[in-house]
Amino acid sequence: MSFNQYLINQMERAHADGTKFIVDQIDAFPKNKLVILDLGCGIGWTFDKILNGYKKTSVYSGFSGYEKTLEYYGIDIEDEKSVPEKISYQKMNLENTIFPFKDKTFDIVMSNQVIEHICNKDTFIKESNRVLKDDGVCITSTENIASFDNILSLMCGQEPLVQSTSHEFYTSSFLSPHFMKKKHGHL
Numbered sequence: 010m011s012f013n014q015y016l017i018n019q020m021e022r023a024h025a026d027g028t029k030f031i032v033d034q035i036d037a038f039p040k041n042k043l044v045i046l047d048l049g050c051g052i053g054w055t056f057d058k059i060l061n062g063y064k065k066t067s068v069y070s071g072f073s074g075y076e077k078t079l080e081y082y083g084i085d086i087e088d089e090k091s092v093p094e095k096i097s098y099q100k101m102n103l104e105n106t107i108f109p110f111k112d113k114t115f116d117i118v119m120s121n122q123v124i125e126h127i128c129n130k131d132t133f134i135k136e137s138n139r140v141l142k143d144d145g146v147c148i149t150s151t152e153n154i155a156s157f158d159n160i161l162s163l164m165c166g167q168e169p170l171v172q173s174t175s176h177e178f179y180t181s182s183f184l185s186p187h188f189m190k191k192k193h194g195h196l
């Protein structure tokens, strides 16, 4: 296997790990009807893995054995023609953008391998928080720049990719004056 193929395999594995983490969170969410926003939805890869071909407002049979109804929205810079019709899609650049949704609209706001491409993370995070319901969850999966594969990639003049995904999670109120984090453990 060539080094480039190895790096591509690592990138695909990282995206799959992030998607599995997101699906696990949706499954564990304590509501039967969820409104989800996928920031950087691309061509709907994560959506496809979650719903496996149901309708726009879809019934998702989770690992826990009970069903959830999902309403799925996506934002990306991709052309709309490449996004599945089952996603309520908005084409836009997430950089310095006010999301076109009312406050407290979504139960889950997620981004899988996206935030590392955003220069102005403050606006991205504030907007994610604005459209998230008070009891909602924001899920962000991103690359680990310090992984062995990324260091090796950098040493070989390649863009860093991903080796591993952390499944530790924290909650915090990033808008509070004392940015407190509470570690909840491993998932």
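Heads up: the sequence shown runs through residues 10 to 196, numbered per my numbering. We put the CB at the ideal spot given by N, CA and C, even for glycine.
Cα-Cα, which of 166, 45 and 135 is closest to residue 83?
45
Does residue 117 come out as helix, strand or coil in the three-state DSSP assignment?
Strand.
8 Å Cβ cutoff, residue 47 in contact with chain B:
The structure shown contains no chain B; it is built from a single protein chain.
Assign residue 11 to one of three DSSP states: helix, strand, or coil.
In the structure shown, residue 11 sits in coil (DSSP, three-state: anything other than H, G, I, E or B).
Could you give the residue range of the alpha helix (DSSP H) that holds residue 132?
130–140
Every unbroken beta strand (DSSP E) inside the stretch 35–63 [3 residues or more]
42–48
On the DSSP bridge list, what partners appear for residue 99?
84
Distance between residue 50 and residue 81 (C-alpha atoms, nearest Å)
10 Å
Indicate whether residue 118 and residue 165 have their beta-carbon atoms separated by less than 8 Å.
no
Going straight from the alpha carbon of residue 144 to that of residue 11, what length do you get?
46 Å
Quick one: what's residue 146 bridged to in DSSP?
117
Nonlocal neighbours in the same chain, by C-beta distance under 6 Å from residue 137, ignoring five residues either side:
Contacts found: 118 and 147.
Taking only three categories from DSSP, how would you classify residue 123?
In this structure, DSSP gives residue 123 a state outside helix and strand, which the three-state scheme calls coil.
Answer yes or no: the CB of residue 133 versus the heavy atoms of the ligand SAM, is any distance below 7 Å?
What this structure holds is no ligand at all, so the ligand SAM is not there to describe.
Which residue from 102, 88 and 116 puts its Cα closest to that of residue 130?
If you compare the alpha carbons of 102, 88 and 116 with that of residue 130, the shortest gap goes to 102.
Are there 16 or more other CB atoms within 10 angstroms of the CB of residue 88, so buried, or fewer, so exposed?
exposed
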